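Quick notes on the structure that follows.
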Amino acid sequence: MLKKISLIAILFSIFNTSFAQKDSTGSKYSITTSGSIDAYFRNSFSAPSGVTNNLTSFTNSNKKLALGMASLKIDQSLGKLAATVDLGVGKRAEEFSYNDNGFLAYLKQAYVSYSLTDKLKISAGKWATHVGYELLDAPLNRNYSMSYGFSYGPFFHTGVKAEYALSGKSSFMIGIANPTDYVTTASASKVVIAQFSTKLFEDKTTIYANYQGGNTGGSTSFSQFDVVINNTLSSQFAINYDGTIYSAKDGASTNWKSNAVYVNYDPSSAIGFTLRSEIFDDKSALSAGAFGTSIFANTLSMNYKIKKLTIIPELRLENAKENLYFNSSNKPTGSNTSFVIAAVYKF
Numbered sequence: 035m036l037k038k039i040s041l042i043a044i045l046f047s048i049f050n051t052s053f054a055q056k057d058s059t060g061s062k063y064s065i066t067t068s069g070s071i072d073a074y075f076r077n078s079f080s081a082p083s084g085v086t087n088n089l090t091s092f093t094n095s096n097k098k099l100a101l102g103m104a105s106l107k108i109d110q111s112l113g114k115l116a117a118t119v120d121l122g123v124g125k126r127a128e129e130f131s132y133n134d135n136g137f138l139a140y141l142k143q144a145y146v147s148y149s150l151t152d153k154l155k156i157s158a159g160k161w162a163t164h165v166g167y168e169l170l171d172a173p174l175n176r177n178y179s180m181s182y183g184f185s186y187g188p189f190f191h192t193g194v195k196a197e198y199a200l201s202g203k204s205s206f207m208i209g210i211a212n213p214t215d216y217v218t219t220a221s222a223s224k225v226v227i228a229q230f231s232t233k234l235f236e237d238k239t240t241i242y243a244n245y246q247g248g249n250t251g252g253s254t255s256f257s258q259f260d261v262v263i264n265n266t267l268s269s270q271f272a273i274n275y276d277g278t279i280y281s282a283k284d285g286a287s288t289n290w291k292s293n294a295v296y297v298n299y300d301p302s303s304a305i306g307f308t309l310r311s312e313i314f315d316d317k318s319a320l321s322a323g324a325f326g327t328s329i330f331a332n333t334l335s336m337n338y339k340i341k342k343l344t345i346i347p348e349l350r351l352e353n354a355k356e357n358l359y360f361n362s363s364n365k366p367t368g369s370n371t372s373f374v375i376a377a378v379y380k381f
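Counted the way the working numbering counts, the sequence shown spans residues 35 to 381.
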């Protein structure tokens, strides 16, 4: 692990300058770097020894300090051509690239883009999914722990995509990718990905309609439809929504669904609060968690900002219709309460 962290430190020291110049042909090029480090402590109040009572991504520990991820992103552009390399080490990065080993497990994103016109751009490589509201990198989320919809949806795609600006406020993306969350695979199956986005009401509302789907071999297939709505009500209030349904067909059709609402309140530039309420319905036991029930999860997070550092204390309450958790007596129970305090530094 020290060698992996040292690699990122060396890369950061090399590229820790943002600059723009022109090459011999007169084309403008630039290199920018960004990154983050996050760590957390999580406590499930009723979990017995050796049990975490954690069913979502990136916080699978109990009564322990843990590194989330150290991340470094390098973006370069040269005229109409652009390239991105995004590296990460830590459990968050490993769980994100869970199908990969070696260096590929720490390669979060790597893609190149070419702008054919001022409206049409083609990209190829590996990139984080367009599906959903939440993102891999901790600085980009206001809740530190992740939703069920994020945890059991796609993480990334590897393939080629085209993005077209329909107008100043709307755009469309379509692409072909490997099976979800695979950089390389022996499977010949491909996944279609798509997104339509638009802004409304003087740009205070943004709507994203997302899709992924394809054949998974033989007569089996899957599809996922997702809608994200971001609403800025004022400089202090925002209400956002993410609704998704994942369906699979292998003779009979089954699905899982997630509906999550995010309420943001920022009393000042240094303090913000976010309440996430999510209903996750997996009665068909289709998700990777195979829960066979529905879960109601509420997460209240405070973001306290000190320059580039954000401290996130968080309380999470979950209730399931079946006994998915364990109490202090090591007996199954249908509810769990946990607390997280996280530190996120962005550079």
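We put the beta carbon where it would ideally sit given N, CA and C, even for glycine. Quantities reported herein were computed from a predicted structural model and do not represent experimental measurements.
Check: Buried or exposed (CB count within 10 angstroms, at least 16 for buried), residue 185; Outcome: buried
Check: Any non-hydrogen atom of the ligand HEM closer than 7 Å to residue 333 Cβ; Outcome: Inclusion of the ligand HEM in the displayed structure is not the case, the ligand content being empty and no account of it being possible.
Check: Three-state class that DSSP yields for residue 178 in the structure shown; Outcome: coil
Check: Which of helix, strand or coil DSSP assigns to residue 321; Outcome: coil
Check: Assumed close pair residue 372, residue 76 - CB separation to whole angstroms, cut-off 8 Å; Outcome: 6 Å
Check: Cβ contact (3+ pairs, closer than 8 Å) linking the stretch 266-279 and the stretch 293-305; Outcome: yes
Check: Residue of 218, 192, 74 and 88 minimising C-alpha distance to residue 163; Outcome: 192
Check: Every unbroken beta strand (DSSP E) within the stretch 256-330, with a cutoff of 3 residues, ordered by chain; Outcome: 271-284, 286-299 and 305-315
Check: Same chain, Cβ closer than 7 Å to residue 232, neighbours up to 5 away in sequence not counted; Outcome: 203, 204 and 241
Check: Contact belief for residue 148 with residue 156 at Cβ below 8 Å, rounded distance in angstroms; Outcome: 5 Å
Check: Residue 265 beta carbon less than 8 Å from that of residue 82; Outcome: no
Check: DSSP three-state assignment for residue 47, whether helix, strand or coil; Outcome: For residue 47, the predicted model reports a pLDDT of 49, less than 50, meaning its position is unreliable; a value from the coordinates is still stated below. Helix, per DSSP.
Check: Endpoints, the beta strand (DSSP E) within which residue 348 is located; Outcome: 343-354
Check: Contiguous beta strand (DSSP E) assignments of at least 3 residues, all confined to the stretch 117-171; Outcome: 141-149 and 154-162
Check: Close beta carbons around residue 179, own chain, < 7 Å, minus the five adjacent residues each side; Outcome: 90, 93, 333, 348, 350 and 374
Check: 7 Å Cβ shell around residue 129 - same chain, five flanking residues per side excluded; Outcome: 91 and 92
Check: Closer than 8 Å to chain D by CB, residue 183; Outcome: Judged by its chain identifiers, the structure shown contains no chain D, having just a single protein chain.
Check: Extent of the continuous beta strand (DSSP E) run through residue 372; Outcome: 369-380
Check: 8 Å Cβ cutoff met for residue 70 and residue 172; Outcome: yes
Check: For residue 304 and residue 380, the rounded distance between their alpha carbons; Outcome: 15 Å
Check: Status (buried if at least 16 other CB within 10 Å, exposed otherwise) for residue 366; Outcome: exposed
Check: Uninterrupted beta strand (DSSP E) stretches inside the stretch 194-269 (no shorter than 3 residues); Outcome: 204-211, 225-234, 239-251 and 254-266
Check: Residue environment, residue 189, which counts as buried when at least 16 other CB atoms sit within 10 Å; Outcome: buried
Check: Residue 185 - DSSP class collapsed to helix/strand/coil; Outcome: helix
Check: Contact under 8 Å by Cβ, residue 376 with residue 340; Outcome: no
Check: Whether residue 397 touches residue 325 by CB criterion (8 Å); Outcome: As shown, the chain starts at 35 and ends at 381. That puts residue 397 outside it, with no answer to give.
Check: Bridge partners - residue 104, DSSP secondary structure assignment; Outcome: 71 and 123
Check: Rounded distance between the beta-carbons of residue 144 and residue 165, thought under 8 Å; Outcome: Contact flag wrong, Cβ pair sits at about 19 Å.
Check: Residue closest to residue 142, alpha-carbon to alpha-carbon, out of 152, 103 and 150; Outcome: 103
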